[in-house]
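Data first, discussion second: the structure below is written as structure tokens.
In the working numbering, the protein residues as written are 42 to 489.
Okay, structure coming up:
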């Protein structure tokens, strides 16, 4: 579920440049017939690919990772977009895992693969599926299984209802590999457009407007890189342990051990979470696992003049639309606690900016052992300042001060977490935050 749902600011200091995308259209390709066979399929054919445009000559292999569940009406579009890539086809493997579909998704895939086998296209297809009549285990589990099907050095994620533009793999692989020292430290995304064009328009505009620095600085507000656009090295995925499915690195079903040359990543889960709960917000969990390592992890968006992915919006179908906002809040806050509030700079006390709904939610959900580190709240509203903040359930009584006090010598070393939504006050909030002389991403973070 996207936390970013409104943007009205055109003049504020922190706002990245913004643009709207013109409407795009795609043709829906229908597929019929039915089948329940679950055999693994591997095919390979032989035709020269379309040349790449301006990138250096590609040499790295790419596995396109596609999880499927009841995707018979959209999977052909996704697969055709793989075949249409300008990246050399002999370096591409399409790895597909069908997660207990109850429709004819698997047969549609098998028919597509069989058809391409008769053509001269050297893309390899690897297909596997869950056992008949089993229950779906979620997209994270399915991605873990799809990753096992290939051996390429690069993984490119693609949802079964999305469509890549022809240059996507080439441009993202070029971005991922441009600095060899960072190859195993990056998640590279790309710009996207939505279908229908007006769905989640504020989120789409926000996400597409972030430059690489803001991808990092706004990480606690939302996943700043959309998961279906992710490209990363196989080694990085394995070092992170893959997607969580049972509360441990690798989820117990991915050939990943969270090892390698980095500190074990953050396992973003709660005590006694069951597999049905762990399948929710799988992108947020892996996103913060990536950013939690001590090897200078990076987020980047591949440079392009236009979006490289069509991201389909299907209400009541995707798990993201079914994920409770309360769970998202708790996961984001746990990541913030582990990665910021428990560090040396913050553990001696901090200030919460905002005594409204968001600031109160932050306090209410804060771990008990960290509540004592909240020195006070700040706000601009005189009524909130005079009333203070009181939560009887948690026996919390905190003073609310004018934000200007943060410039006073007594308080100027206190870190600040801003619990007021960005980009909604015509730049007033952002200017006020800048006036307190904190360093964003160090002793000042925006949380909403």
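Glycine is no exception: its CB is placed at the ideal position from the N, C-alpha and C atoms.
Here DSSP, grouped into helix, strand and coil, assigns residue 431 to strand. Your pair residue 406 and residue 371 checks out as a contact, with CB atoms roughly 6 Å apart and the cut at 8 Å.
Of the candidates 397, 210, 280, 438, 397 places its Cα closest to the Cα of residue 425. Rounded to the nearest angstrom, the gap between the Cα atoms of residue 232 and residue 241 is 15 Å. Scanning 308, 244, 254 for the CA closest to the CA of residue 280 turns up 308. By the Cβ neighbour-count rule, residue 155 is exposed, with fewer than 16 other Cβ atoms within 10 Å of its own. DSSP assignment within the segment 135 to 190 yields the following whole beta strand (DSSP E) runs of 3 residues or more, N-terminal first: 165 to 170. Within the model, the alpha-carbon separation for residue 441 versus residue 427 is close to 7 Å.
Secondary structure of residue 274 (DSSP, three-state): strand. In summary, residue 179 is buried, with 16 or more beta-carbon neighbours lying within 10 Å of its beta-carbon over all protein chains present.
For residue 418, no alpha helix (DSSP H) encloses it; the enclosing beta strand (DSSP E) starts and ends at 415 to 420. Using a Cβ distance threshold of 8 Å, residue 227 and residue 273 count as a contacting pair.
According to the DSSP assignment, residue 247 belongs to the alpha helix (DSSP H) that extends over 242 to 250.
By the CB criterion at 8 Å, residue 269 and residue 350 fall inside the cutoff.
With a 10 Å radius around the Cβ and a threshold of 16 neighbouring Cβ atoms, residue 263 comes out buried. Excluding residues up to 5 positions away in sequence, 421, 444 lie with their Cβ nearer than 8 Å to the Cβ of residue 473 in the same chain.
Closest by C-alpha distance to residue 260, out of 121, 327, 195, 106, is 327. The residue among 466, 125, 390 with its C-alpha nearest the C-alpha of residue 451 is 390. Cβ contact annotation for residue 149 (same chain, cutoff 7 Å, sequence separation greater than five): 72, 113, 116, 117, in chain order. Ranked by Cα distance from residue 461, the first of 408, 403, 198 is 403.
Between residue 265 and residue 285, the gap from beta carbon to beta carbon reaches 8 Å or more. Cα atoms of residue 287 and residue 453: separation of roughly 43 Å, rounded to the nearest angstrom.
If you draw a straight line from the Cα of residue 393 to the Cα of residue 139, it comes to about 45 Å.
Using a 10 angstroms sphere on the CB of residue 206, the tally of other CB atoms reaches 16 or more, which defines it as buried.
By the Cβ neighbour-count rule, residue 194 is buried, with 16 or more other Cβ atoms within 10 Å of its own. In the three-state DSSP reduction, residue 370 falls in the helix class (H, G or I).
Inclusion of residue 415 and residue 439 in the CB contact set at 8 Å is warranted, their separation being smaller than that value. When the five nearest sequence neighbours on each side are left out, the beta carbons in the same chain lying within less than 7 Å of the beta carbon of residue 143 are those of 111, in order along the chain.
Counting only runs of at least 3 residues, the segment 313 to 356 fully encloses the following beta strand (DSSP E) elements, listed from N- to C-terminal order: 339 to 342, 350 to 353.
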